[in-house]
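Structure record follows, encoded as structure tokens.
In this note's numbering, the protein residues as written are 25 to 553.
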């Protein structure tokens, strides 16, 4: 099995970080033949354990380490019903622990951690280890002073914790593999019209960035974990929240929405938690809060980063204990609500500035979904335009599409308002040019045309043949090339003009081969002058 695709799995990334922090050891994969491909390629992080680092850095030591791993592999093959972690001592008399990976009851390899002792090393142990290292690297002077004391030690309790983590990780990989297989089978059975796009309910996208969002959405939909959705305004945070709700076990229960920036503190508290009669002027009767309305369902809290510290405390209590106190009330009320929060702000930065509670941040950031802005998913632009043209088409309108020049301008625009801005623009174009079969570029909003073609200068028309994405790429390449020439290769200034990040611009320059034959870059101040 190809383990490469699981390297960036959220569980595996977190597991690597945890075991490095707690035990100073590294996570590795072995395949169904007991082979550690990362070791063979030399593509691994040297462990802090001096003995293992020197051993893995030599040919003979690598051979012996690989043989030790194969011993664990043989243990798993000999006991195919075993699904728990096993361990044994390696050629250095240190320990290896691993958990087997089974996909649809087929053994596919194992995750393991090596190079630790199960009890503190004695001076005699250190002497034996130094002797083994001299045997592996004869004639080579190694500085091993203090090495035994730096060797990680995992007693029975710590080893049990590590074993549990490894078993959890292989279960996550197995579930991911089954899910990927199911998706591939589903995609292959789809009609040709749908094979080019990936939909999750009403969300449209086929770019790599959106496929990652879809994969995570499908995993979290069936859980009750709190979800934090990050994304710029107009990227579809509420749509994603609705999709998660309607594809989960609470789909037949209420879905309630509240924007935390819409009210002041007092009104928001009353809206969220309700109030009792006489709690304040105008409170003529008891009123349920939205948390009670959402009971057994899902509560979508938009722009949670704008919530005041006082309300953050109350929200934390609901999330931790499932209870809250209405305004003016004296008795707590219980609710069973799944919370999905969203914000366009960096909550981690707000925590550092003391504007958002750290404990609440970790409580709502159980699962994080990052929605990419439209400028970073330009591959989705053609299908989104087509969708909105059909969505807003009205009887009597003749428009079937946009002129190539109009498509080129839309493809080059940065879309600060994201999907919402695009939909509004397409609806506007259909109102103004619905009687035409092809809507020309002249009808585009001036803010879009003037941004893409500053000063109303001539626009470089893309080719009017071939595939749409090829025409958009041709325009993008020409705009970047002319911008590099105009700014004397000043990438910082050009990235600001184009409305993309500098790193994204550099990737596009390399992709289009525009990094050759350019003038030497001028300092920012000279170019700006």
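Ideal placement from N, C-alpha and C gives every residue a C-beta, glycine not left out.
State buried or exposed for residue 386, treating a residue as buried only when at least 16 other CB atoms are found within 10 Å of its CB.
Along the chain shown, one-based indexing puts residue 386 at 362. Burial call: exposed.
Between which two residues does the beta strand (DSSP E) carrying residue 393 extend?
By one-based count along the chain shown, residue 393 stands at place 369. First-last of the beta strand (DSSP E) with residue 393: 391-394.
For residue 154, which of helix, strand or coil comes out of DSSP?
Within the chain shown, numbered from 1, the residue matching residue 154 stands at position 130. If DSSP states are grouped into helix, strand and coil, residue 154 belongs with the helices.
Using a 10 Å radius around the Cβ and a threshold of 16 neighbouring Cβ atoms, would you call residue 135 buried or exposed?
Taking the chain shown and counting its residues from 1, one reaches residue 135 at position 111. Flag for residue 135 reads buried.
On the CB-based measure, 16 or more other CB atoms within 10 Å of its CB, does residue 91 come out buried or exposed?
Within the chain shown, numbered from 1, the residue matching residue 91 stands at position 67. Burial call: exposed.
Sort 413, 292, 508 and 519 by Cα distance to residue 312 and report the nearest one.
Counted from its first residue, the chain shown places residue 312 at position 288. Answer by Cα proximity: 292.
Beta-carbon separation of residue 409 and residue 260 under 8 Å?
Your numbering for residue 409 matches position 385 in the chain shown. Your numbering for residue 260 matches position 236 in the chain shown. Against a cut-off of 8 Å, the Cβ pair of residue 260 and residue 409 comes out as no contact.
Assuming residue 524 contacts residue 399 under a Cβ cut-off of 8 Å, what Cβ separation, rounded to an integer in Å, is found between them?
To locate residue 524, count along the chain shown from 1; it is residue 500. To locate residue 399, count along the chain shown from 1; it is residue 375. That belief holds up - the Cβ atoms of residue 524 and residue 399 are roughly 6 Å apart, short of 8 Å.
Compare the C-alpha of residue 450 against each of 436, 423, 356 and 475 and name the closest.
Here residue 450 is taken as the residue at index 426 of the chain shown, counted from 1. Answer by Cα proximity: 423.
Output yes or no for whether 8 Å exceeds the beta carbon distance between residue 362 and residue 348.
In the chain shown, the residue the question calls residue 362 occupies position 338. In the chain shown, the residue the question calls residue 348 occupies position 324. Result no, Cβ atoms of residue 362 and residue 348 do not sit closer than 8 Å.
Among the residues of its own chain, which have a CB less than 7 Å from the CB of residue 153, if the five just before and after it don't count?
Residue mapping note: residue 153 aligns to position 129 of the chain shown, counting from 1. Excluding sequence neighbours, residue 153 sits near 75, 116 and 172.
Do you know offhand how far residue 120's Cα is from residue 202's?
Reading the chain shown from its first residue, position 96 is the one you call residue 120. Reading the chain shown from its first residue, position 178 is the one you call residue 202. Residue 120 and residue 202: Cα-Cα distance of roughly 28 Å.
What residue does the alpha helix (DSSP H) around residue 40 start on, and which one ends it?
Numbered from 1 along the chain shown, position 16 holds the residue referred to as residue 40. 34-47 is the span of the alpha helix (DSSP H), which, as asked, contains residue 40.
How would you write the range of the beta strand (DSSP E) that residue 163 sits in, first residue to last?
To locate residue 163, count along the chain shown from 1; it is residue 139. Counting along the chain, residue 163 falls outside any beta strand (DSSP E), and DSSP gives it neither H nor E.
Would you mind working out which of 250, 142 and 199 sits nearest residue 183, comparing C-alpha positions?
Stepping through the chain shown from its first residue, residue 183 is reached at position 159. Closest option to residue 183, Cα to Cα, is 142.
For residue 511, count the other beta carbons within 10 Å of its own beta carbon; 16 or more makes it buried, fewer makes it exposed. Which is it?
As a working mapping, residue 511 is identified with position 487 in the chain shown. With 16 or more Cβ atoms within 10 Å of its Cβ, residue 511 is classed as buried.
Within its chain, find whatever has a CB closer than 6 Å to the CB of residue 231; leave out the 5 residues flanking it on each side and keep chain order.
Reading the chain shown from its first residue, position 207 is the one you call residue 231. Around residue 231: 401, 403 and 404.
In chain order, which continuous runs of the alpha helix (DSSP H) of length 4 or greater are located wholly inside the stretch 50-110?
Runs of the alpha helix (DSSP H) inside the stretch 50-110: 61-65, 74-80 and 83-102.
So residue 388 is in the alpha helix (DSSP H); what residue range does that whole segment cover?
Here residue 388 corresponds to residue number 364 of the chain shown, with the count starting at 1. Start and end: 382-388.
Around the Cβ of residue 282, are there at least 16 other Cβ atoms within 10 angstroms (buried) or fewer (exposed)?
Counting from one through the chain shown, the residue named residue 282 turns up at place 258. So residue 282 counts as buried.
State the Cα-Cα distance for the pair residue 533 and residue 335, rounded to the nearest angstrom.
Taking the first residue of the chain shown as 1, we reach residue 533 at position 509. Taking the first residue of the chain shown as 1, we reach residue 335 at position 311. Rounded to the nearest angstrom, the two C-alpha atoms are 47 Å apart.
Quick check: residue 39 and residue 193, are their CB atoms within less than 8 Å of each other?
On the chain shown, position 15 is the one that residue 39 refers to. On the chain shown, position 169 is the one that residue 193 refers to. Yes, Cβ-Cβ distance for residue 39 and residue 193 is below 8 Å.
Please classify residue 285: is it buried, with 16 or more other beta-carbons within 10 angstroms of its beta-carbon, or exposed?
As a position in the chain shown, residue 285 is number 261, starting the count at 1. By the neighbour-count rule (16 or more Cβ atoms within 10 Å), residue 285 is not buried but exposed.
When the distance is taken between beta carbons, is residue 499 closer than 8 Å to residue 441?
On the chain shown, position 417 is the one that residue 441 refers to. On the chain shown, position 475 is the one that residue 499 refers to. Not closer than 8 Å, so no.
Looking at the secondary structure, which residues open and close the beta strand (DSSP E) in which residue 379 lies?
Residue mapping note: residue 379 aligns to position 355 of the chain shown, counting from 1. Where residue 379 is concerned, there is no enclosing beta strand (DSSP E), given that its DSSP letter is neither H nor E.
What are the boundary residues of the alpha helix (DSSP H) that residue 531 is part of?
The sequence position of residue 531 within the chain shown is 507, counting from 1. Unbroken alpha helix (DSSP H) run through residue 531: 526-535.
Tell me residue 612's beta-bridge partners as DSSP assigns them.
Any question about residue 612 goes unanswered here, given that the chain covers just 25 to 553.
Pick helix, strand or coil for residue 283, following the three-state DSSP scheme.
By one-based count along the chain shown, residue 283 stands at place 259. Residue state, collapsed to three classes: strand.
Around the C-beta of residue 329, are 16 or more other C-beta atoms found within 10 angstroms, so that it is buried, or is it exposed?
Here the question's residue 329 lines up with position 305 in the chain shown. Under this definition residue 329 is a buried residue.
Could you give the first and the last residue of the continuous alpha helix (DSSP H) run that contains residue 410?
Stepping through the chain shown from its first residue, residue 410 is reached at position 386. Start and end: 405-415.
Quick one: is residue 43 buried, meaning 16 or more other Cβ sit within 10 Å of its Cβ, or exposed?
Here residue 43 refers to the residue found at position 19 of the chain shown. Classification of residue 43: buried, given that the 10 Å Cβ count is 16 or more.
Which residues share a DSSP beta bridge with residue 14?
There is simply no residue 14 to check, as the chain begins at 25 and stops at 553 in what is shown.
Which whole-angstrom value describes the C-beta separation of residue 425 and residue 462, a residue pair presumed to lie in contact below a C-beta threshold of 8 Å?
For the purposes of this step, residue 425 is taken as the residue at position 401 of the chain shown. For the purposes of this step, residue 462 is taken as the residue at position 438 of the chain shown. Indeed they touch by this definition, with Cβ atoms about 6 Å apart.
If you draw a straight line from the C-alpha of residue 288 to the C-alpha of residue 517, how long is it?
In the chain shown, residue 288 corresponds to position 264, counting from 1. In the chain shown, residue 517 corresponds to position 493, counting from 1. Going by the C-alpha atoms only, they are around 40 Å apart.
Considering only the alpha carbon of each residue, which of 536, 45 and 513 lies closest to residue 497?
Against the chain shown, residue 497 aligns to sequence position 473. It is 536.
What is the residue span of the alpha helix (DSSP H) that residue 244 lies within?
Here residue 244 refers to the residue found at position 220 when the chain shown is read from its first residue. Counting along the chain, the alpha helix (DSSP H) containing residue 244 begins and ends at 232-245.
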